[in-house]
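Trainee:
Numbering (the numbering used here), first residue to last: 1 to 389.
1. Taking the alpha helix (DSSP H) that residue 261 belongs to, which residues open and close that run?
2. What do you get for residue 239, buried or exposed, if any count of 16 or more other CB atoms within 10 angstroms of its CB means buried?
3. To which residues of the same chain is residue 267 closer than 8 Å at the C-beta, ignoring the five residues directly before and after it?
4. Under the rule that 16 or more other beta-carbon atoms within 10 Å means buried, what is residue 234, buried or exposed?
5. For residue 292, write down the residues that DSSP places opposite it in a beta bridge.
6. For the stretch 118-138 and the stretch 287-302, state whether three or more C-beta atom pairs, one from each stretch, are separated by less than 8 Å.
7. Out of 277, 363, 385 and 71, point me to the one whose CA is closest to residue 35's CA.
8. Taking residue 101 as part of the alpha helix (DSSP H), name the residues at either end of that continuous run.
9. Compare the Cα-Cα distances from residue 226 to each of 333, 245 and 191 and report the closest residue.
10. Starting from residue 273, trace the alpha helix (DSSP H) in both directions and tell me its first and last residue.
11. Just curious, the alpha helix (DSSP H) that residue 182 is in, first and last residue?
12. Only counting the same chain, and skipping five residues up and downstream in sequence, which positions put a Cβ closer than 7 Å to that of residue 329?
13. Closest to residue 347 by C-alpha separation, out of 33, 249, 311 and 186, would be which residue?
14. Mapping the DSSP letters down to three states, classify residue 352 as helix, strand or coil.
15. For residue 47 and residue 332, I'd like the C-alpha separation in whole angstroms.
16. Does the distance from the CB of residue 6 to the CB of residue 42 come in under 8 Å?
17. Once the 5 residues before and after residue 252 are set aside, which same chain residues still bring their CB inside 6 Å of it?
18. What three-state label does DSSP hand residue 371 in the structure shown?
19. Residues in its own chain within less than 8 Å of residue 389 by CB, not counting five upstream and five downstream?
20. Give me the DSSP bridge partner(s) of residue 116.
21. Leaving out five residues before and five after residue 203 in sequence, what residues of the same chain have Cβ atoms less than 7 Å from its Cβ?
Rendered as structure tokens:
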């Protein structure tokens, strides 16, 4: 039986010569790019067909969010996460990073503290500074080889100027899908200290462990929802990040007004193709999404099994996302990223996430390409010899 093109994740889609940010980093080099978080897979056929229909119309003026998209988003949040969202809670954005920066400007005033857990996706580190806030970093802790939030350390880090807590859920780069119990405990801290929570849930659709689900912190109850701004997008789940359509879910009118005010004059409209792709993804991408998660789960298992047996490397279980977090400190490499680039594999530098000596590997690619990359990594370490103890 022939597998539809968009469900054939084993096929190598040629991205060289397509102005790909991911692939052009190593233009004219024999390096497999497993760094920035976009997938090498074709998007769902429903998305591609909807874009063709819109292109055929031939007029690409300013657009607003289609009513059908608002319905599709609300139905998706209800069916996937049990979260009932009202239409006026949705604020449309041209990107999630843009939303993080707006969020830091919307809560508190210049000089206030913004707290976040590290290691963390780099815009969490830059957005508070760009908004003239003070960044406070609270390290995640390893317990039984599992990354956890240290809530005692969080409370010790708070000051009278602490206003905003930035949460990444699921967490990029450590791959945790925070449980409802963990999030309730975090919410209790926010309530006690009058903190607003800004939650980046962009990887909500990429839960790989079959015994886990994504829990939006705002869905835990009305009291915590009233102090939470949630940022979401179809971009990671359906591989449409280049089309620029994200949204914030903000139930509290005052917070929503502050967020909209911070957008004024600096945030452009979402482009018409972004709206079209988002609606098609939510309405027609379910089969593709199920197949994708199954394929990523297989890639995840391959990466974890292989990295665990490589000299000097340690990998942590990826509950969610398509990003593996690797501790390379025991390998004693002066420049871990450069070392593996020389071996023909491009990885993200943990220093950018506030964790020097770590690496992030994007395994959202064809399995044969992933096998080749892992083989190159193993061979390079074997040529290096055993790390000095």
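Cβ atoms here follow ideal geometry from the backbone N, Cα and C, with glycine treated the same way.
None of these values were measured; they are calculated from a predicted model.
Mentor: In terms of the structure at hand:
1. 253-263
2. buried
3. 93, 94, 98 and 102
4. buried
5. None, per the DSSP bridge assignment.
6. no
7. 363
8. 96-106
9. 191
10. 272-284
11. 180-192
12. 357
13. 33
14. helix
15. 45 Å
16. yes
17. 226
18. helix
19. For residue 389, the pLDDT reaches just 39, beneath the cut-off of 50, and the residue's location in the model is therefore unreliable, leaving the point undetermined.
20. 137 and 166
21. 170, 172, 236, 320 and 321
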